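Working notes for the structure below.
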Amino acid sequence: MPELPEVETTARLIRPHVTGRTIERVHVSWTRTLGGQSAAEFRRRIVGTRIASVGRRAKFVVFELRRGRVDAGVLLCHLRMTGRLVVDRPTLEPSPWERVRLELDRGVLRFLDVRKFGRFTHLHDPAPVFDALGPEPLGEQFTAAWLRRGLRTRRRALKPLLLDQTFLAGLGNIYVDEALFRAGLHPLRRSDRVPPAAATRLHAAIREILAAAIEREGSSFDSFYRTPEGQPGSYQHLFQVYGRDGQPCRVCGRTLKRIVVSQRGTHFCTRCQPAPRPLSSPRS
DNA sequence: CTATGGCCCTGGTTGC
DNA sequence: TGCAACCAGGGCCATA
């Protein structure tokens, strides 16, 4: 599923094709993709605007729009599970999964989404959305000290906490599992019981894994995520735990386990990531 | 503050 | 072989 590295890759690869382009026509074939707005209103807001920049915040691809010199708000695209942004390729046959199509003064930007969970919305001002998100894991605000304090001042299991976009923005199921493995921390470990040294390891693990995944243009292990160029990423070859349950740990050899945490498949090594002592444990 | 569970969706997998 | 049931999962919302 697209997480920070996949979204970053998407933004980088479409940027040169759409920056500076003007939106001339808009086709919407699945209205709910617009997140509650009508196609007519969506069209009214963005037709005639120019795409001034393409960036990323958390798992959003962010298009800044201008009408002439005047700020015209932003388009926010969230890929969720199966969304893809694709720039025009002459060979690209019309996809049955196209939900929104922006026809530009040169080229076409398509939003494809098999499962229809993705969103492509226009906001006059994204500040309320962005302000509700935690810091960027690759940004300056995300320091080891910040994470140590963040863990200490909350009492949640590590995995759901790291998945919480209001705590830290951009991680998803895959990279959380990989980061916890690298840091040697069990996904159910309570955040306020993580020793400072381990929190520091987790901070490094998160940044290293995300940076490495961006270098490889993300992960593609099923038929869903592809770069806008149609190519798969390659970080899946470096997975240590995600999807490897039943196979041996690459570090210690023990068979990797899969459990469900917060309704999500969770992969870890019982030796490298020792279980926390549950409070309810009858004896200890 | 934290946890749980339903909901949205559809293609692929599983079970009989 | 055929078909129905089941599953995955990010974010959001209601409930406890």
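The opening position of the first sequence corresponds to residue 9 in our numbering, with each subsequent residue numbered one higher.
Where a beta carbon is used, it is the ideal one built from N, C-alpha and C, also for glycine.
Computed from a predicted model, the values in this text were never measured in an experiment.
Residue i, DSSP secondary structure in three states
i: Ser-61; result: strand
i: Pro-256; result: strand
i: Pro-290; result: Model confidence at Pro-290 stands at a pLDDT of 40, short of 50, so the residue's coordinates are unreliable; what they give is reported in the following sentence. Looking at Pro-290 - three-state DSSP - the assignment turns out to be coil, as it is neither helix nor strand.
i: Asp-172; result: coil
i: Ala-152; result: helix
i: Arg-262; result: coil
i: Gln-244; result: helix
i: Thr-41; result: helix
i: Met-9; result: coil
i: Ala-283; result: coil
i: Arg-52; result: helix
i: Arg-157; result: helix
i: Glu-225; result: coil
Residue i, enclosing alpha helix (DSSP H) - first and last residue
i: Ala-80; result: No alpha helix (DSSP H) contains Ala-80, which is instead part of the beta strand (DSSP E) from 78-86.
First and last residue of the uninterrupted beta strand (DSSP E) at residue i
i: Leu-73; result: 68-75
i: Thr-18; result: No beta strand (DSSP E) contains Thr-18, which is instead part of the alpha helix (DSSP H) from 12-26.
i: Arg-33; result: 31-36
i: Thr-92; result: Here the sequence assigns Arg to residue 92, which means Thr is not the residue at that position. Residues 91-95.
Strand pairing of residue i, partner residues [DSSP]
i: Ile-267; result: Thr-274
- Counting pairs of Cβ atoms below 8 Å between the segment 212-231 and the segment 160-167, do you hit three or more? no
- Task: Would you list, in sequence order, the uninterrupted alpha helix (DSSP H) runs of no fewer than 4 residues that lie entirely inside the segment 100-149?
- Result: 135-139
- Message: Could you tell me which whole alpha helix (DSSP H) segments of length 4 or greater appear in the segment 160-215?
- Response: 166-171, 181-191
- Query: Does the pairing of the segment 123-136 with the segment 187-204 give three or more beta-carbon distances under 8 Å?
  - Reply: no
- Message: Does the contact criterion of 3 or more C-beta pairs under 8 Å hold for the segment 201-216 versus the segment 274-282?
- Response: no
- Query: If you pair each beta-carbon of the segment 259-270 with each one of the segment 52-60, do three or more pairs fall below 8 Å?
  - Reply: no
- Item | Segment contact, 8 Å Cβ cut-off, at least three pairs: the segment 141-152 with the segment 71-91 | no
- Do the segment 10-26 and the segment 38-48 touch if we need at least three Cβ pairs shorter than 8 Å? no
- Touch test, the segment 236-256 against the segment 12-23, Cβ-Cβ under 8 Å, three pairs minimum: Yes, they touch.
- Message: Taking contact to mean 3 or more Cβ pairs, one atom from each stretch, closer than 8 Å, check whether the segment 142-157 and the segment 109-129 are in contact.
- Response: no
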